[in-house]
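Novice: Okay, handing you the structure first.
In the numbering used here, the protein residues as written are 60 to 152.
Okay, structure coming up:
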């Protein structure tokens, strides 16, 4: 929350939801962002394209400053990747 807040993104009202909430939803893309998620991510119905963007889990870093820096680095990298992804999608339509 602190990392996103520092980047000007308020996620305080966001809550995690179980994947089972989305099991019957059609998806065009399913993107996982850590190795653990890639291993346990369920198969979604339809012809969703699976994409994996691997990142280390910052929670396991013991040093507070290093953990915060890693969270920030991942957040900035995801922001850029999502931007490129959305740009590519809009160009292919």
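Beta carbons: idealized from backbone N, C-alpha and C, even for Gly. Values in this document were obtained by computation on a predicted structure and should not be read as measured data.
Short check: CB of residue 120 to CB of residue 129, under 8 Å?
Specialist: yes
Novice: Would you report the Cα separation of residue 145 and residue 124, rounded to the nearest angstrom?
Specialist: 32 Å
Novice: Give me the Cα-Cα distance between residue 78 and residue 122, rounded to the nearest whole angstrom.
Specialist: 31 Å
Novice: If I measure Cβ to Cβ from residue 62 and keep anything under 8 Å in the same chain, skipping five residues before and after, which residues do I get?
Specialist: 127, 130, 131, 134
Novice: The alpha helix (DSSP H) spanning residue 144 covers which residue range?
Specialist: 123-151
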